[in-house]
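Residue numbers (UniProt numbering): 1 to 484.
Quick reminder that beta carbons are idealized off the backbone N, C-alpha and C, glycines included.
Below is one structure, written out as structure tokens, with a few remarks after it.
See the structure below:
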């Protein structure tokens, strides 16, 4: 009986599910526990929102376009998959990022780290802030730290430390863009826990970030050369590289496409338990352990009938889209001399940002061509959902014309619609996640929930969470085997 393989299902074939499957396979082999692993996804493709398109010499990311170099889980995974030599950083000559204010381009001051100034000289010269706004930000160096360690909103935290102007003109377009959210509705501990930690340790956010930046420079010397001097990374042939690498590494497991699991039911087997997975056709399969790597609203429907499902159903999502346009260099009225531009809410624009992809990534476009990626949709402004593709394109082109002077017809346009794609982490989010996982461990041990809805939306965050879910499930299966 002890030699019977453990049957495990991973539901969700995005980057989190693929990573969970990869580490489940690896760690179960290291433990010497036989495994029958099944990866199930309702779509016909693997990789979730990662979607690299090669078209007319362009490398186009229709989903996520890169990941933070300082977050190591993705680097570690790339190394394990033998893909480290495929990594590439941003163009070293495209370090400028612009923020729009009154339809004017203002360069983001050098030395900003996540919107926090670490060099006061350039910060004091920026036209993004009034003299009063700059003086208010500098007060951070004198203000006491908050005594309470309770969670608060990202907006309240940054306004308290740096003032309203820094929040609305710099931090909001930069940081809230990651979550497409409202800073006053996002938890600081769940979205940028380092901010809370810096205040508690150094009192001043500016002082703490400056110290961290210097220490980070030393730490970067231990990283691979390709990633030492870049904030963002991708792969030379696109992010699809890591998806293909994971699928290849999982070549001996069972892949099931186009199957949507509708319900999970616990089955008591003597002192232990297993789980029946039902699909929409009424077919059922039994497994010893399950990892669910789906959006929160999809997880809640699978676990309908247990209290944690109600908590998960309360996690809200924002719908966003991106519009990618290709042009000739000669079509550019303004030099594309940086990584792109950010548009604060106060500007009232349709687009929230525009990445100058061909400038930021040297591999992304053929010589003489320009690739732009514009973002639409954020919390409180999801009007694109009620628009036709032609209307979305018109809205984007209107803003490109007014902001960058581009009147030329694009060579081609690619629209990626991502409804309910950006989970929102409200104040108290981390406590809610702990409640969900504790309750699930009691009621359905051996069922793990993970993914972007829980502890980070970036690709390295998803990779880390997939790996952690695998470790937790392997430990549980190993303990059960020992007891058996």
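- By the CB criterion at 7 angstroms, residue 364 and residue 59 fall inside the cutoff.
- Where residue 73 is concerned, the enclosing alpha helix (DSSP H) starts and stops at 72-80.
- Taking a 10 Å sphere around the C-beta of residue 132, we find fewer than 16 other C-beta atoms and assign the residue as exposed.
- Residue 306 sits away from residue 449, with the two beta carbons spaced by 7 angstroms or more.
- By the Cβ criterion, the region 101-111 is not in contact with the region 265-285, since fewer than three pairs of Cβ atoms, one from each stretch, lie closer than 8 angstroms.
- In the structure shown, the three-state DSSP call for residue 343 is coil.
- Contact check for residue 466 against residue 20 passes: the beta carbons are separated by less than 7 angstroms.
- Counted as a single uninterrupted DSSP element, the stretch harbouring residue 239 is not any alpha helix (DSSP H), since DSSP gives it neither H nor E.
- Beta-bridge annotation (DSSP): residue 275 is paired with 266 and 287.
- If you keep only unbroken alpha helix (DSSP H) runs of at least 4 residues inside the region 14-93, you get 15-31 and 72-80.
- Contact between residue 428 and residue 153 is ruled out by a C-beta separation of about 10 angstroms, above the 8 angstroms threshold.
- Residue pairing by DSSP puts residue 371 in a beta bridge opposite 326.
- Secondary structure at residue 171: helix, using DSSP grouped into helix, strand and coil.
- Annotation for residue 389: the continuous alpha helix (DSSP H) segment containing it runs 389-404.
- Just so you know, the alpha carbons of residue 177 and residue 412 end up roughly 25 angstroms apart.
- Between the alpha carbons of residue 170 and residue 17 lies a gap of roughly 34 angstroms.
- Under the DSSP definition of a beta bridge, residue 292 partners with 11 and 449.
- About 7 angstroms separates the beta carbons of residue 24 and residue 473, which is inside the 8 angstroms limit, making them a contact pair.
- Inclusion of residue 141 and residue 165 in the CB contact set at 7 angstroms is not warranted, their separation being larger than that value.
- In the three-state scheme derived from DSSP, where H, G and I count as helix and E and B as strand, residue 200 is classed as helix.
- Runs of the alpha helix (DSSP H) spanning 4 or more residues and lying entirely within the region 82-156 occur at 120-125 and 131-138, in chain order.
- Judged by their CB atoms, residue 319 and residue 419 are nearer to each other than the 7 angstroms cut-off.
- As the crow flies, the alpha-carbon of residue 454 is around 8 angstroms from that of residue 425.
- Contact between residue 174 and residue 342 holds, with the beta-carbon distance rounding to 6 angstroms and staying under 8 angstroms.
- Minimum Cα-Cα distance from residue 476 among the listed residues 33, 243, 285 and 269 corresponds to 33.
- The DSSP-derived three-state label of residue 260 is coil.
- Fewer than three beta-carbon pairs drawn from the region 379-387 and the region 324-337 are found closer than 8 angstroms, and the two stretches are therefore not classed as touching.
- Counting of Cβ neighbours within 10 angstroms places residue 54 among the exposed residues, the total staying below 16.
- The beta carbon of residue 51 sits closer than 6 angstroms to those of 62 and 63, all from its chain and outside the five residues before and after it, given in chain order.
- Boundaries of the beta strand (DSSP E) harbouring residue 417: 412-423, taken from the DSSP string.
- One thing to note: residue 370 has its Cβ no nearer than 7 angstroms to the Cβ of residue 414.
- Collapsing the DSSP output to three states places residue 210 in a helix.
- The shortest C-alpha to C-alpha distance from residue 266 to any of 160, 443 and 113 is the one to 443.
- Counted as a single uninterrupted DSSP element, the alpha helix (DSSP H) harbouring residue 309 occupies residues 307-313.
- Secondary structure at residue 230: coil, using DSSP grouped into helix, strand and coil.
- For residue 441, the enclosing alpha helix (DSSP H) covers residues 429-443.
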